[in-house]
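Residues -26 to -1, 1 to 131 (mature numbering (1 follows the signal peptide of the UniProt record, and there is no 0)) are what the sequence shown spells out, left to right.
Idealized CB from N, CA, C, for every residue including glycine.
Worksheet for the structure shown next.
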Amino acid sequence: MLIQKLLLACAVAALAACTVSAPTTAASTRSAPVSGQFDSDLNQFRAANGVGAIQASAMLNAIAQAHAEDMYTRGYFSHDSVGGPNGVTMTQRLNAGGCRPPAAAENIAWGQQTDAAVFAAWSVSDKHRTNMLGARYNRYGLGHAGNIWVTVYAAGC
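As structure tokens, then:
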């Protein structure tokens, strides 16, 4: 299990730092995850690392979902969304969605089939882990389209 987590983390870390074409197929789903496991795992992870709880935000869920769907629909994988419907950067997407936090971060992943798998990958990747454990963040949003995942962490919203 540890080896699987490490392999997933390496794949996520490598992909999150670059822009590549993401596969798109008609068979892929475009719906928000509904297992609820991510919220529980995230708050247990934060507590185990001495960080306060964080709450899911409908606003941030919508922002994360929109970015995941944009990447899926237009076939790219990047934190930046050149020509995207809600701005290029995470900050622009947050602002367009009605959120102007003093601090925010974003994790993206490609390839995981479940929210539990993407959580496991992010939790063992240094940069993603740092975002997940950000003490200033008290709200988050999670979205996915096909096998593309986005979380947005924010102070407020």
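| Asked | Found |
| --- | --- |
| I'd like to know whether the C-beta atoms of R67 and H41 end up nearer to each other than 7 Å. | yes |
| If you draw a straight line from the alpha carbon of S52 to that of E80, how long is it in whole angstroms? | 11 Å |
| Going along the chain, which residues of its own chain have a beta-carbon closer than 6 Å to the beta-carbon of S55, five neighbours each way excluded? | D44, V62 |
| Check whether the Cβ atoms of Y50 and A119 sit closer than 7 Å, and answer yes or no. | no |
| Using the beta-carbon count (16 or more within 10 Å), is D89 buried or exposed? | buried |
| What is the rounded straight-line gap between the Cα of A(-11) and the Cα of I82? | With a pLDDT of 42 at A(-11), under the threshold of 50, the modelled position of that residue is not reliable, and no figure is offered here. |
| If I measure Cβ to Cβ from Y127 and keep anything under 6 Å in the same chain, skipping five residues before and after, which residues do I get? | A79, N105, G108, Y111, Y114 |
| Leaving aside the five residues before and after L16 along the sequence, list all residues of the same chain whose C-beta is less than 8 Å from its C-beta, in chain order. | I28, F93, M106, Y114 |
| With a threshold of 16 other CB atoms inside 10 Å of the CB of N35, please say whether the residue is buried or exposed. | buried |
| Could you round the C-beta distance between W84 and N121 to whole angstroms and report it? I think they count as a contact, below 8 Å. | 6 Å |
| On the CB-based measure, 16 or more other CB atoms within 10 Å of its CB, does A95 come out buried or exposed? | buried |
| Please name the residue in M64, G71, Q11, R48 whose C-alpha comes closest to that of A32. | G71 |
| Would you mind working out which of W123, I37, S14 sits nearest Q87, comparing C-alpha positions? | W123 |
| Any idea if S99 is buried or exposed, counting beta-carbon neighbours within 10 angstroms, 16 or more meaning buried? | buried |
| Alpha carbon to alpha carbon, how far is R48 from I37? Give it in angstroms, no decimals. | 17 Å |
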